[in-house]
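In what follows, a single structure is set out as structure tokens and then discussed.
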Amino acid sequence: MKAPNLFKLLSLLLILNMTISCTKTETITETITEIVNDTIIETRTDTLTLHLDPALVAEGKQIFRYDTFGDEAFWSDILHIDEAILGEANGGYGVGVSPATALGVGLKVDSEALPAEVVAAIQAGQVDLNDPATTIALLQLNAVVGVKGTFDEDGAMTAVGINCALCHSTVDNSFANGIGRRLDGYPNRDLNVGAIVNLTNNKNFLADLLHVDEPAVETVLTGWGPGKFNAGLFVDGKALRPDGSIAANLLPAAYGLQGVNLATYTGWGDMVYWNAFVANLEMHGQGSFTDARLDNASQFPIAAENNFGNIVNDPDLITSKLPGLQAYQLSLTAPTPPEGSYDATAAARGKVLFNGEAQCASCHIAPIFTDAGYNLHSAEEIGIDDFEAKRSPTGMYRTTPLRGLFARMKGGFYHDGRFATLTDVINHYDTHFKLELSAQDKTDIEEYLKSI
Ligand code: HEC
Ligand code: HEC
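Mind the numbering: the sequence shown is residues -23 to -1, 1 to 429 in mature numbering (1 follows the signal peptide of the UniProt record, and there is no 0), read in order.
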């Protein structure tokens, strides 16, 4: 009897050992700083440790950057964005999309995808950035972040689709403005999603879906502006806020979501839920998606009419990719603010205020900087209107995880960017919670926010 038991134990140890050896561990350290007699002292350290399978993370990275989930069926077959990029001269319609136009609507170019001779040609000014044919060449090199072209044997572009990276990656501008190394997880706050969709010569499709006319579609698409998108539009048809202005939310970060329960500004579900939602309902990939909440025709008329809560595709090009996407997003820890980008002494004082007198940490708890558990609050609690909250099945706002704030300063703060600066956010809390912060306190909190 002893021998088989020992064998079992040995094989168990072997399995455990293998699991450990192929696990990536990431540690995020949160140091609690206090100031005593003007001296900064570090008093406590919380750690957030992630164990991720590197093979799954690598698979997820490919999916996040390059997978279209078959969404060419929407972006090309229905909206004809491929033909808009080509332009009449190359067999499409219109003037085409030159690299200059593409960069102008916030699209980014991955410099690492460019071969040395292309880099040299750009540097020598020999590449025509006003010719749509150059954009097609960049797409063929897989160098346009978030847009994937399909090419036939003769090198002709037959379709385009979009990737997660379109909205949730940018570049470091190391080569030129808009051209550089990829920064995955950073929201692209330059990207004008509406202007890109508006390239379609089939607005009729969107007009029919939303039960409006084509000029209304155009007004909405051109009204979102850079860095924003209305993810709820295709389920509830709400294009306007109650005051008649155009509704759109800021593209959020896809980094710093470790330990965060509900995702999206209004907590539709967790990250995995939302990944499936967005791949099926926003990108219009070919997958499966279930959410009985979308059958509620009074809240989600467009979704209920089109059965968006019960999507089945065969083959399903999304579901098998959800584990990889999850692993990759969890590997995207929030970036560390560059040294010198904030005043460290003021930030240390701000941290004490954030965790104490200013009551910020009653919701934004380190190291995750959102509530631990059910991270939602009513509009009333945070002192804003409930228009956007009411569009979600939760009816609430999710406490935004604050790590890496410095890398998403463009476009403002809160879901719709209503506060232009961090000062405005802090002033809002000061008034709403009657905090009576001094001018110095406010600056200190702001420096702390820039440091996390
Ligand atoms: C067209 C732009 C666009 C594309 C493409 C896109 N997203 Fe998003 N994403 C958004 C917007 C806008 C939101 C915010 C939605 C809201 O709360 O209103 C969001 C929210 C998220 C969130 C929640 C972040 C948080 O703070 O909780 C995650 C996670 C996410 N997206 C992942 C993905 C993944 C994975 C893909 C690819 C399958 C993807 N997104 C594709 C625009 C996009
Ligand atoms: C009652 C819970 C609660 C408290 C207390 C709270 N927040 Fe928030 N915070 C939220 C919620 C919810 C949001 C999301 C609001 C939205 O997107 O409309 C948010 C958003 C933010 C944002 C915007 C992040 C972004 O990327 O748009 C900042 C910055 C912020 N809070 C800082 C603070 C500071 C500083 C304090 C203390 C003075 C504080 N919060 C107190 C719940 C809270």
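We treat Cβ as the ideally placed atom computed from N, Cα and C, and that holds for glycine.
Helix or strand or just coil, what does DSSP make of Thr420?
Position 443 of the sequence shown, counted from the first residue, corresponds to residue 420. Reduced to three states, the DSSP call for Thr420 is helix.
Give the list of continuous alpha helix (DSSP H) stretches no shorter than 4 residues that lie fully inside the stretch 210 to 291.
The stretch 210 to 291 contains these whole alpha helix (DSSP H) runs: 210 to 213, 248 to 254, 278 to 283.
Short of 6 Å in beta carbon distance, which residues of its chain neighbour residue 465, apart from the five on each side in sequence? Order them along the chain.
Coverage of the chain is limited to positions -23 through 429, which leaves residue 465 absent and any answer about it impossible.
What runs of the alpha helix (DSSP H), each 4 residues or longer, lie entirely inside the stretch 130 to 180?
Within the stretch 130 to 180, the complete alpha helix (DSSP H) runs of at least 4 residues are 142 to 145, 170 to 174.
Based on DSSP bridge pairs, tell me the residues matched to Tyr374.
Translated into the one-based positions of the sequence shown, residue 374 becomes position 397. Answer by DSSP bridge pairing, in chain order: His354.
Could you tell me the boundaries of the alpha helix (DSSP H) in which Phe346 lies?
Looking up residue 346 in the sequence shown gives position 369. Premise fails: Phe346 is in no alpha helix (DSSP H) and is neither H nor E.
Classify Asp418: buried if its beta carbon has 16 or more other beta carbons within 10 angstroms, exposed otherwise.
As a position in the sequence shown, residue 418 is number 441, starting the count at 1. By the neighbour-count rule (16 or more Cβ atoms within 10 Å), Asp418 is buried.
Kindly give me the distance between the Cβ atoms of Val34 and Tyr305, rounded to whole angstroms, as I take these residues to be in contact under 8 Å.
For the purposes of this step, residue 34 is taken as residue 57 along the sequence shown, with counting starting at 1. For the purposes of this step, residue 305 is taken as residue 328 along the sequence shown, with counting starting at 1. About 5 Å; that satisfies the 8 Å criterion.
For Cys(-2), which residues from the same chain have a beta carbon less than 8 Å from its beta carbon, with the 5 sequence-adjacent residues on both sides left out?
Looking up residue -2 in the sequence shown gives position 22. Bear in mind that the predicted position of Cys(-2) carries a pLDDT of just 40, short of 50, making it unreliable; the figure below should be weighed with that in mind. Once the five neighbours on either side are set aside, the close Cβ partners of Cys(-2) are Asp30, Pro31, Ala32.
Given a threshold of 16 other Cβ atoms within 10 Å of its Cβ, counted over all protein chains shown, does Ala101 qualify as buried or as exposed?
Within the sequence shown, the letter at position 124 stands for residue 101. That one is exposed.
Taking 7 Å as the cut-off, does the CB of His145 come closer than this to any heavy atom belonging to ligand 1?
Indexing the sequence shown from 1 puts residue 145 at position 168. His145: yes, Cβ under 7 Å from ligand 1.
With distances taken between CB atoms, is the gap from Asp247 to Ser265 smaller than 8 Å?
As a first step, residue 247 must be located in the sequence shown, where it is residue number 270. As a first step, residue 265 must be located in the sequence shown, where it is residue number 288. Cβ atoms of Asp247 and Ser265: not closer than 8 Å.
Grouping DSSP H, G and I as helix and E and B as strand, with all else coil, what is Glu195?
Sequence index remark: in the sequence shown, residue 195 carries index 218 (1-based). Three-state result, Glu195: helix.
Could you give the DSSP three-state label for Ala29: helix, strand or coil?
For this step, residue 29 is matched to residue 52 along the sequence shown. Residue identity differs from the one stated: residue 29 is Leu in this sequence, not Ala. Three-state DSSP puts Leu29 in a strand.
Could you spell out where the alpha helix (DSSP H) holding Thr127 opens and where it closes?
Within the sequence shown, the letter at position 150 stands for residue 127. Taken as a continuous stretch (DSSP letters only), Thr127 belongs to no alpha helix (DSSP H), being part of the beta strand (DSSP E) at 124 to 128.
By how many angstroms is the C-alpha of Ala324 removed from the C-alpha of Met373?
For the purposes of this step, residue 373 is identified with residue 396 of the sequence shown, where counting begins at 1. For the purposes of this step, residue 324 is identified with residue 347 of the sequence shown, where counting begins at 1. Cα to Cα, Met373 sits roughly 30 Å from Ala324.
Alpha carbon to alpha carbon, what distance is there between Asn181 and Leu217?
The sequence position of residue 217 within the sequence shown is 240, counting from 1. The sequence position of residue 181 within the sequence shown is 204, counting from 1. One C-alpha to the other measures close to 19 Å.
Looking at the unbroken alpha helix (DSSP H) that takes in Lys328, where does it start and where does it end?
As a working mapping, residue 328 is identified with position 351 in the sequence shown. Unbroken alpha helix (DSSP H) run through Lys328: 321 to 332.
Mapping the DSSP letters down to three states, classify Val34 as helix, strand or coil.
Stepping through the sequence shown from its first residue, residue 34 is reached at position 57. Helix.
To the nearest angstrom, how far is it from the Cα of Tyr43 to the Cα of Asn140?
Position 66 of the sequence shown, counting from 1, holds the residue named residue 43. Position 163 of the sequence shown, counting from 1, holds the residue named residue 140. Rounded to the nearest angstrom, the two C-alpha atoms are 6 Å apart.
Confirm the yes/no value for this check: CB of Tyr319, any heavy atom of ligand 2, distance under 7 Å.
Along the sequence shown, one-based indexing puts residue 319 at 342. No, the Cβ of Tyr319 stays beyond 7 Å of every heavy atom of ligand 2.
Buried or exposed for Pro378, please, with buried defined as at least 16 other CB atoms from any protein chain shown within 10 angstroms of its CB.
Position 401 of the sequence shown, counted from the first residue, corresponds to residue 378. By the neighbour-count rule (16 or more Cβ atoms within 10 Å), Pro378 is buried.
Pick helix, strand or coil for Val121, following the three-state DSSP scheme.
On the sequence shown, residue 121 is found 144 positions in, with the first residue counted as 1. Three-state result, Val121: strand.
Keeping to the same chain, check which residues put their C-beta closer than 6 Å to that of Phe152; ignore five residues upstream and five downstream.
In the sequence shown, residue 152 corresponds to position 175, counting from 1. Excluding positions up to five away in sequence, the list reads Ser88.
According to DSSP, is Ser415 part of a helix, a strand, or is it coil?
The sequence position of residue 415 within the sequence shown is 438, counting from 1. In the structure shown, Ser415 sits in coil (DSSP, three-state: anything other than H, G, I, E or B).
Suppose contacts are defined by Cβ-Cβ distances below 8 Å. Is Leu258 in contact with Phe211 by that definition?
Taking the first residue of the sequence shown as 1, we reach residue 258 at position 281. Taking the first residue of the sequence shown as 1, we reach residue 211 at position 234. Yes; because the gap between Cβ atoms is below 8 Å, this pair is in contact.
Helix, strand or coil for Asp105? Go by DSSP, reduced to three states.
Indexing the sequence shown from 1 puts residue 105 at position 128. Correct three-state label for Asp105: coil.
Measuring straight from C-alpha to C-alpha, what distance separates Pro219 and Gln336?
Stepping through the sequence shown from its first residue, residue 219 is reached at position 242. Stepping through the sequence shown from its first residue, residue 336 is reached at position 359. If I take the Cα positions, the gap works out to 31 Å.
Classify Asp401 as helix, strand or coil using the three-state DSSP reduction.
Against the sequence shown, residue 401 aligns to sequence position 424. Note: Asp401 maps to helix in three-state DSSP.
Out of Cys144, Ser146, Thr147, Val86, point me to the one whose CA is closest to Gln117's CA.
For the purposes of this step, residue 117 is taken as the residue at position 140 of the sequence shown. Checking every option, the nearest Cα to that of Gln117 belongs to Val86.
What's the gap between the Cα of Phe396 and the Cα of Pro370?
Sequence index remark: in the sequence shown, residue 396 carries index 419 (1-based). Sequence index remark: in the sequence shown, residue 370 carries index 393 (1-based). Going from the Cα of Phe396 to the Cα of Pro370 covers about 25 Å.
Taking 7 Å as the line, does the beta carbon of Ala79 fall inside it for any heavy atom of ligand 1?
For the purposes of this step, residue 79 is taken as residue 102 along the sequence shown, with counting starting at 1. No.
Below 8 Å between beta carbons: does that hold for Arg375 and Gly221?
Numbered from its first residue, the sequence shown carries residue 375 at position 398. Numbered from its first residue, the sequence shown carries residue 221 at position 244. No, these two residues do not count as a Cβ contact at 8 Å.
Measuring CB to CB, does Asp167 end up less than 8 Å from Gly236?
As a first step, residue 167 is located in the sequence shown; it is residue number 190 there, counting from the start. As a first step, residue 236 is located in the sequence shown; it is residue number 259 there, counting from the start. Their beta carbons are not under 8 Å apart, which means Asp167 does not touch Gly236 by this criterion.
If distances are taken between C-alpha atoms only, which option among Ala280, Leu412, Ala142, Gly327 comes closest to Tyr425?
Within the sequence shown, the letter at position 448 stands for residue 425. Nearest C-alpha to Tyr425: Gly327.
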